[in-house]
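Contents: one structure, followed by commentary.
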Amino acid sequence: MQNAFFERVYQIVREIPKGKVTTYSAISEYLTGTKRSARMVGWAMNASHTVYPPVPAHRVVNKNGLLTGFRHFATPTQMQERLEAEGIIVKNLQIQDFEKHFWHPNEMIL
DNA sequence: CCGTTGACTTCCT
DNA sequence: CAGGAAGCCAACG
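With the first sequence counted from 1, adding 44 to any position gets you my numbering.
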């Protein structure tokens with residue numbers, strides 16, 4: 045609770061299992077209770093490059109399973125390539141079988 | 001201090 | 001179905 049919003053976002057994202065993905069809204073809803081603040085999660089991701097250990101931001105996508113943040117990576121294709129390297133099929137920035145790869149933040153507590 | 005922007009979501013036209 | 005606008009909160013100039 046005393047952890048800052050950003051820190052908690054980082055912690056959750058770092059706990060995302062390999063081959064799984066989550067959404068901004070899911071994290072936002074899990075932390076703040078409202079999915080309206082999903083932008084803050086994105087903002088946290090923007091600062092994720094300044095923290096250590098690095099946050100696997102490529103496992104965080106929008107609610108549609110769309111790789112909206114791909115342009116913030118070193119290369120526009122890195123996000124997709126990393127996901128595919130983990131067994132996630134990505135077609136035109138859209139995760140295939142997104143529901144099957146979806147991971148809820150609540151799982152990290154278990 | 002105030003206006004703009006942003007890796008989102010949802011509603012409205 | 002596609003595009004625009006509003007709501008959200010925090011950081012930046």
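Don't be surprised by glycine CBs; every beta carbon is placed ideally from N, CA and C.
Where residue 86 falls, given that 16 or more other Cβ within 10 Å makes a residue buried: So residue 86 ends up on the buried side.
Compare the C-alpha of residue 57 against each of 137, 117, 89 and name the closest. Nearest of 137, 117, 89 to residue 57, Cα basis: 89.
By how many angstroms is the C-alpha of residue 61 removed from the C-alpha of residue 92? Cα to Cα, residue 92 sits roughly 18 Å from residue 61.
Return the chain-ordered list of same chain residues with a C-beta closer than 7 Å to the C-beta of residue 106, the five sequence neighbours on each side being excluded. Residues 67, 68, 112 of the same chain have their beta carbon placed closer than 7 Å to that of residue 106, with the five preceding and five following residues left out of the count.
Ignore the nearest five residues each way along the sequence and tell me which others in residue 64's own chain have a CB closer than 6 Å to its CB. For residue 64, where only same-chain residues beyond five positions count, the Cβ hits under 6 Å are 145, 147.
Considering only residues of the segment 52-98, which uninterrupted alpha helix (DSSP H) runs meet the minimum length of 4 residues and lie entirely inside it, listed in chain order? The segment 52-98 contains these whole alpha helix (DSSP H) runs: 68-76, 82-90.
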